[in-house]
């Protein structure tokens, strides 16, 4: 493949159905991959370095942050997670579209470090529906559900720098929208300026 | 329909296959219409005011220009043609996507007057292919063909402000790209900011 891939950052509240939409969209596509994160947490049995994660110690992680080798990074349950710029760059240059499923704060870091990234927010059709879905999963406690709803509202307010919003009221349609966005982004005039000059 | 339509400006050299791509893309879609132009030329037999064109005299046309009632206008064979802003606005507010097939200079005027318009340039896969297609039509003289090729190169240089480029090497694929662009543009985050605030 000669055409450079796109970095696709996907965010949205827990319960919006992000994963379902994404997996439906990439079904059968060979030009899309997930990014592999760097983490300081220990590998679990069966996990392979460079497959589930790139496993590093805290010192190396700190060095990566200092040398600006991460497109974004965050802390979660006393461990650190980040997206290695070099890995993403390599896949993009191979023509792969790279997916990044991260929160709004991480997306903001990516926008700053790679302005050409495509930022997509996936939202449920309504807060009521989000609540129904979260309750339907029956995995979260009442307080966890309330926390997620508060978090969702907060994300909505912070997400104003995203490029696209997909309302997931129907998985098939939402997946089609995601694929349309990817196709449209590959038609960006600025990406083809060189091509035009040579033709 | 509650969602506002998009103004889609389509340009590209004669012989790029613009019309074929557009008609293939809108086949069966009821949410897209062509804009109706204002013209000073006399109606031909069978033409109906408001259907093929809005027919006006030179004085009214001049007034429309002065009052900024046209999104763009141009002269062609001693007559004037323009796109009435109010007509386009009406269709957009009805939820219709409005197509405008105009040249690069007109597109530049539209961009200035309606920055949210979506500008799409359709190009042939190569200049050699464009030449083949123009010769294949067998309707143009040698000098007309050469004129069109020179014009095409000039348009390429002036088109840097377009949003999208579709290379028409395959009509089906190019039409799918056009439809993907329309679908993606309807997911623009900025269009949904109000929706998010209310949900």
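Chains as they are written, first to last, in the numbering used here: chain A, -17 to 181; chain B, -17 to 181. All residues carry an ideal CB built from backbone N, CA and C; glycine is no exception. Model, not experiment: these values are computed from the prediction.
Same chain only: Cβ atoms within 6 Å of residue i, ignoring 5 sequence neighbours per side
| i | result |
| --- | --- |
| residue -1(B) | 150 |
| residue 141(A) | 86 and 103 |
| residue 46(B) | 52 |
| residue 31(A) | 37 |
Under 7 Å by beta carbon: chain A residues contacting residue i
| i | result |
| --- | --- |
| residue 165(B) | 159 and 162 |
Cβ shell of residue i (< 7 Å), same chain only, five flanking positions each side left out
| i | result |
| --- | --- |
| residue 147(A) | 103 and 105 |
| residue 159(B) | 148 |
| residue 93(B) | 99, 101 and 143 |
| residue 116(A) | -3, 122, 127 and 130 |
| residue 61(A) | 21, 22 and 23 |
| residue 75(A) | -14 |
Assigned exposure category for residue i - 16 Cβ within 10 Å defines buried
| i | result |
| --- | --- |
| residue -7(A) | buried |
| residue 65(B) | buried |
| residue 79(B) | buried |
| residue 82(B) | buried |
| residue 161(A) | buried |
| residue -3(B) | buried |
| residue 126(B) | exposed |
| residue 180(B) | exposed |
| residue 177(A) | exposed |
| residue 44(A) | exposed |
| residue 166(A) | buried |
| residue 20(A) | buried |
| residue 98(A) | exposed |
| residue 88(A) | buried |
| residue 192(B) | No answer is possible for residue 192(B): it lies beyond the span of chain B, which begins at -17 and ends at 181. |
| residue 145(B) | buried |
| residue 137(A) | buried |
Chain B contact residues for residue i, given Cβ-Cβ distances below 8 Å
| i | result |
| --- | --- |
| residue 108(A) | 181 |
| residue -2(A) | Result: empty, since nearest Cβ-Cβ is about 12 Å, beyond 8 Å. |
Beta-carbon separation (whole angstroms), residue i vs residue j, contact threshold 8 Å
| i | j | result |
| --- | --- | --- |
| residue 36(A) | residue 25(A) | Rounded, the Cβ-Cβ distance is 10 Å, inconsistent with contact. |
| residue 69(A) | residue 18(A) | 6 Å |
| residue 156(A) | residue 3(A) | 5 Å |
| residue 39(A) | residue 22(A) | 7 Å |
| residue 113(B) | residue 6(B) | Actually they are not in contact, since the Cβ atoms of residue 113(B) and residue 6(B) sit about 23 Å apart, beyond 8 Å. |
| residue 163(A) | residue 169(B) | 6 Å |
Boundaries of the alpha helix (DSSP H) in which residue i is found, first to last residue
| i | result |
| --- | --- |
| residue 64(B) | Careful: residue 64(B) lies outside any alpha helix (DSSP H), inside the beta strand (DSSP E) at 61 to 66. |
| residue 12(A) | No alpha helix (DSSP H) holds residue 12(A); DSSP gives it neither H nor E. |
| residue 176(B) | 175 to 180 |
| residue 161(A) | 153 to 167 |
| residue 30(B) | Careful: residue 30(B) lies outside any alpha helix (DSSP H) and carries neither H nor E. |
| residue 171(B) | No alpha helix (DSSP H) contains residue 171(B), which DSSP labels as neither H nor E. |
| residue 89(A) | 86 to 95 |
| residue 109(A) | 109 to 119 |
| residue 41(A) | 40 to 48 |
Beta-carbon proximity list for residue i, same chain, < 8 Å, skipping 5 on both sides
| i | result |
| --- | --- |
| residue 91(A) | 53, 54 and 55 |
| residue 15(B) | 73, 78, 79, 80 and 81 |
| residue 95(A) | 50, 53, 54 and 67 |
| residue 13(A) | -17, -13, 77, 78 and 79 |
| residue 109(B) | 131, 134 and 135 |
| residue 8(B) | 14 and 81 |
| residue 107(B) | 149, 150 and 151 |
| residue 57(B) | 63 |
| residue 33(A) | 18 |
| residue 119(A) | -3 |
Residue range of the unbroken beta strand (DSSP E) whose run includes residue i
| i | result |
| --- | --- |
| residue 103(B) | 100 to 105 |
| residue -8(A) | -11 to -7 |
| residue 35(B) | 35 to 37 |
| residue 125(A) | Residue 125(A) -> not in any beta strand (DSSP E); alpha helix (DSSP H) instead, spanning 124 to 140. |
| residue 56(A) | 52 to 58 |
| residue 182(B) | A question about residue 182(B) goes unanswered here, because the residues of chain B that appear run from -17 up to 181. |
| residue 19(A) | 19 to 21 |
| residue 150(A) | From DSSP, residue 150(A) is part of no beta strand (DSSP E); its letter is neither H nor E. |
Contact set between residue i and chain A, taken where Cβ atoms lie within less than 8 Å
| i | result |
| --- | --- |
| residue 105(B) | 178 and 181 |
| residue 142(B) | 171 and 175 |
Listed by chain order, chain A residues near residue i by CB distance under 9 Å
| i | result |
| --- | --- |
| residue 170(B) | 145, 146 and 147 |
Proximal residues of chain B, C-beta to C-beta of residue i below 9 Å
| i | result |
| --- | --- |
| residue 138(A) | 178, 179 and 181 |
Min CB distance residue i to chain D below 8 Å
| i | result |
| --- | --- |
| residue 70(A) | Protein chains in the displayed structure are A and B, and chain D is not among them. |
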